[in-house]
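Undergrad: Numbering (the numbering used here), first residue to last: 129 to 648.
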Amino acid sequence: MRKKMSSSSNAVVTRRHFLEQLGLVGGTSLVMTAMNSWDLMAGGAQERPHLTGKPTKNKVIVLGAGVSGLVTAYELGKLGYDVRVIEARDRVGGLNWTVRKGTEHQEIGATEKQVCAFDEGLYVNVGPWRIPYTHTGVLGYCREVGVPVEIFINEAENSYFYYEGEQFGSLAGKRLRLREVKADMLGHVNELLVKAIDQNKLDMPMTAEDKDRFVKFLVSEGYLDPTTKTYKAIGDSGRQPYDTNALLKANIGTRFRSVPLTDGTQAAPIFQPIGGMDQFPKGLARAIGAQKISMNTEVISVRQDESGVKVAVLDTKTGKKSELTADFCAVCLPMPIIAKMDIAFSPEMLNAAKAVATSNSAKMGLQMKRRWWEEDDQIFGGHLYSNLPLGEFSYPSTGYFSKKGIILGMYANGPVGNLLDATPAQRVEHVVSNSSKVHPQMRTEFENAFGVWWKKVKYSEGGYATGSASARREQLSKMENRLVIGSAAVCPYSEPDWQEGAVSAGWQTVKTIHERAMKA
Ligand SMILES: Cc1cc2nc3c(=O)[nH]c(=O)nc-3n(C[C@H](O)[C@H](O)[C@H](O)COP(=O)(O)OP(=O)(O)OC[C@H]3O[C@@H](n4cnc5c(N)ncnc54)[C@H](O)[C@@H]3O)c2cc1C
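Now the structure itself:
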């Protein structure tokens with residue numbers, strides 16, 4: 129509900145009221161541009177469950193050593209359960225995958241195998257790469273199990289803005305520095321406001337003194353000339369400011385933001401584990417104990433009856449099949465895998481699993497012979513803002529001033545042309561040719577690359593769960609006798625496209641199993 133603006137001189141001028149007034153001066157489009165860029169994003173974490181009591185039937189098999197499975201196993205272990213984790217891959221983490229020298233990857237249906245040729249010490253996180261400070265579940269575990277973190281630079285003012293297409297006007301196809309366009313936008317808007325105040329065109333509930341203070345703020349915030357109160361890109365020697373209309377047309381507004389109004393997933397600071405995101409699941413696995421995690425063990429089927437659960441598994445190294453038994457089973461597997469597994473869930477549950485769509489995420493890391501983005505462009509972390517078919521293009525927030533580095537040349541969360549069916553070499557050419565429009569060094573300094581298209585990754589068959597969360601959770605989080613799904617798609621609080629979702633799903637699973645076990 130919107131409150132009516134008071135005419136009292138003491139009334140608080142909210143940002144919305146202020147923009148309404150700005151609309152009277154600058155026209156509606158100016159207001160919309162500013163308002164659209166206030167990203168009210170939700171973050172989220174919940175309280176870790178505090179459970180007590182020890183059930184007599186306490187043997188649990190956890191399927192999958194992704195973040196959700198590891199959290200489930202770790203917390204059940206602390207409660208005194210006899211836990212065993214079953215993981216098909218030769219590594220823990222699932223979607224949390226850090227690629228380094230020697231990492232091998234053969235896509236589903238491909239004959240070619242990629243082998244990572246990055247130099248020792250260099251890596252790319254092909255799944256999760258950022259931990260917002262609001263994700264207290266993940267960060268709490270980093271502290272608890274000893275995973276040191278560092279700052280991830282999510283915005284670097286010196287990075288470039290590059291939009292192609294006639295609709296973006298005179299600035300289209302030009303590299304513009306983010307700090308220049310931010311300064312110019314703010315400068316122009318503030319100049320406009322000062323003019324409106326001087327001409328008494330802003331009908332705002334302010335005393336003459338308030339107005340004077342407000343003008344002083346606008347002048348200093350927008351780097352306006354203190355005498356003429358006009359914007360001239362002061363301190364930026366020789367450069368002419370970009371024209372207001374040209375900036376608005378160039379889509380700058382989509383990147384022009386104040387501090388986020390709410391804590392969310394984009395508010396600074398953002399963190400990353402030192403040495404790669406996989407340090408997080410590795411830390412959890414250490415805390416659980418390696419002897420409790422069976423690697424290279426693929427689940428083939430899951431049966432249940434009144435006496436317990438039977439899980440048939442395949443040792444992927446030896447080809448040997450065996451059967452494991454337990455009282456309960458937490459199914460922390462990806463939805464596309466559950467949907468086609470021989471598993472004793474009801475048709476309703478399997479249909480709900482089938483109905484969950486997963487992201488068509490793809491990432492590519494490219495090793496560069498030298499850190500040209502730092503040496504030539506003075507860019508340290510952050511991203512390129514563009515409409516090139518690359519999704520996110522990012523500079524590493526680690527290893528500053530060292531010799532080489534890995535550029536994240538592409539992070540897309542939807543289809544990009546026919547790249548899903550292209551060869552690794554064709555994908556690299558796509559990334560290099562597009563990014564070279566902004567950074568010609570992408571071609572001249574290129575050494576090697578490694579790309580991951582999650583739809584084609586065995587044991588994942590897609591990225592994170594997408595679509596309506598509440599509908600998905602209602603069915604998927606029910607315990608069916610001795611089985612319960614525990615992967616991020618069923619998380620009750622945070623969204624499943626974050627590891628925080630996997631943590632909250634893990635907590636929910638532990639609670640569900642414990643309540644069931646205490647009744648057994
Ligand atoms: C490209 C991308 C970017 C992301 N970015 C971020 C980010 O910046 N920050 C963030 O917090 N989150 C991010 N996420 C989301 C985050 O990665 C996920 O929400 C989280 O990792 C999901 O964990 P999970 O345990 O639910 O599932 P998974 O990680 O999928 O774990 C499932 C496990 O089951 C195993 N498995 C599969 N089949 C079998 C079988 N038959 N037998 C035995 N084991 C099996 C798999 O190997 C895997 O280990 C991103 C995800 C993607 C794809």
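The beta-carbon is built from N, C-alpha and C at its ideal position, and this holds for glycine as well.
Out of curiosity, what's the CA-to-CA distance linking residue 242 and residue 267?
TA: Taking the straight line joining both Cα atoms gives about 32 Å.
Undergrad: Taking 8 Å as the cut-off, does the stretch 231-238 touch the stretch 203-211 (at least 3 CB pairs, one atom from each stretch)?
TA: Segments in contact, no.
Undergrad: Which residues in the same chain have their Cβ closer than 6 Å to the Cβ of residue 301, if we skip the five residues on either side of it in sequence?
TA: Once the five neighbours on either side are set aside, the close Cβ partners of residue 301 are 292.
Undergrad: Find the nearest neighbour of residue 543 within the set 505, 489, 589, judged by alpha-carbon distance.
TA: Ranking 505, 489, 589 by Cα distance to residue 543 puts 489 first.
Undergrad: Our contact map puts residue 509 next to residue 284 with C-beta atoms below 8 Å; I'd like the distance itself, whole angstroms only.
TA: About 5 Å separates the two Cβ atoms, so the contact holds.
Undergrad: Would DSSP call residue 576 helix, strand or coil?
TA: Note: residue 576 maps to strand in three-state DSSP.
Undergrad: Could you check whether the Cβ of residue 461 sits closer than 7 Å to any heavy atom belonging to ligand 1?
TA: Yes.
Undergrad: Within the same chain, show all residues whose beta-carbon is closer than 8 Å to that of residue 377, passing over the 5 residues directly before and after it, in chain order.
TA: For residue 377, where only same-chain residues beyond five positions count, the Cβ hits under 8 Å are 295, 296, 297, 298, 299.
Undergrad: How would you label residue 594, buried or exposed, when you count the other beta carbons within 10 angstroms and need 16 or more for buried?
TA: With 16 or more other Cβ atoms within 10 Å, it is buried.
Undergrad: Taking 8 Å as the cut-off, does the stretch 612-630 touch the stretch 583-598 (at least 3 CB pairs, one atom from each stretch)?
TA: Verdict: yes, contact present.
Undergrad: Pick helix, strand or coil for residue 272, following the three-state DSSP scheme.
TA: Helix at residue 272.
Undergrad: Go ahead and pull the three-state DSSP assignment for residue 571.
TA: Residue 571 falls in the helix class under three-state DSSP.
Undergrad: On a CA-only basis, which of 314, 434, 630, 502 is nearest residue 372? Give me that one, please.
TA: The candidate whose alpha carbon is nearest that of residue 372 is 314.
Undergrad: Determine the direct distance from the alpha carbon of residue 346 to that of residue 336, and round the result to whole angstroms.
TA: Distance between the alpha carbons of residue 336 and residue 346 is about 15 Å.
Undergrad: Please give the ranges of any alpha helix (DSSP H) in the stretch 195-282, keeping only runs that are unbroken, at least 4 residues long and fully inside the region.
TA: With a minimum length of 4 residues, the continuous alpha helix (DSSP H) runs that stay inside the stretch 195-282 are 195-206, 264-273.
Undergrad: Within the continuous alpha helix (DSSP H) that includes residue 600, where are the two ends?
TA: Where residue 600 is concerned, the enclosing alpha helix (DSSP H) stretches over 597-604.
Undergrad: Taking the straight line between their C-alpha atoms, what separation do you get for residue 412 and residue 634?
TA: Cα-Cα distance, rounded: 13 Å.
Undergrad: From 431, 454, 465, 426, pick the residue whose C-alpha is nearest to that of residue 447; which is it?
TA: The residue with the shortest Cα to Cα distance from residue 447 is 426.
Undergrad: If we ignore side chains and look at the alpha-carbon of each, how far apart do residue 253 and residue 333 end up?
TA: Cα-Cα distance, rounded: 51 Å.
Undergrad: Can you determine whether any heavy atom of ligand 1 sits closer than 7 Å to the C-beta of residue 232, and answer yes or no?
TA: Incorrect: residue 232 has no Cβ contact closer than 7 Å to ligand 1.
Undergrad: With H, G and I counted as helix, E and B as strand and the rest as coil, what does DSSP make of residue 164?
TA: Residue confidence is low: residue 164 scores 31 on pLDDT, short of 50, so the model does not pin down where it sits. Its coordinate-derived value is still stated next. Here residue 164 sits in helix by DSSP.
Undergrad: Just to confirm before moving on: does the CB-CB distance between residue 458 and residue 191 stay below 8 Å?
TA: Yes, these two residues count as a Cβ contact at 8 Å.
Undergrad: Of the residues 184, 624, 269, which one's Cα is nearest the Cα of residue 416?
TA: Cα-wise, what sits closest to residue 416 is 269.
Undergrad: State the Cα-Cα distance for the pair residue 404 and residue 539, rounded to the nearest angstrom.
TA: Whole-angstrom Cα-Cα distance: 17 Å.
Undergrad: Could you tell me if the beta carbon of residue 429 falls within a distance shorter than 7 Å of some heavy atom in ligand 2?
TA: The ligand content of the structure shown is limited to ligand 1, which means ligand 2 is not among them.
Undergrad: Pull the bridge partners of residue 289 from the DSSP assignment, please.
TA: BP columns for residue 289 point to 304, 513.
Undergrad: Tell me whether the beta-carbon of residue 432 lies closer than 8 Å to the beta-carbon of residue 250.
TA: Result no, Cβ atoms of residue 432 and residue 250 do not sit closer than 8 Å.
Undergrad: What number of angstroms, rounded off, separates the C-alpha of residue 398 from the C-alpha of residue 261?
TA: Distance between the alpha carbons of residue 398 and residue 261 is about 6 Å.
Undergrad: Pull up the DSSP beta-bridge partners for residue 429, would you.
TA: 440, 470.
Undergrad: Residue 414 to residue 578, Cα distance in whole Å?
TA: So the two alpha carbons sit approximately 28 Å from each other.
Undergrad: Along the chain, where does the alpha helix (DSSP H) containing residue 408 start, and where does it finish?
TA: Unbroken alpha helix (DSSP H) run through residue 408: 407-416.
Undergrad: Considering only DSSP beta bridges, list what residue 496 is partnered with.
TA: 533, 574, per the DSSP bridge assignment.
Undergrad: For residue 407, collect the residues of the same chain with a Cβ closer than 7 Å to its Cβ; drop the 5 residues on either side in sequence, then sort them by chain order.
TA: Around residue 407: 275, 401.
Undergrad: Residue 310 to residue 353, Cα distance in whole Å?
TA: When rounded, the distance between both Cα atoms is 17 Å.
Undergrad: Under the criterion of a Cβ to heavy atom distance below 7 Å, does residue 624 qualify as lining ligand 1?
TA: Indeed, a heavy atom of ligand 1 lies less than 7 Å from the Cβ.
Undergrad: Quick check: the stretch 499-509 against the stretch 518-525, are there 3 or more CB pairs under 8 Å?
TA: Yes, they touch.
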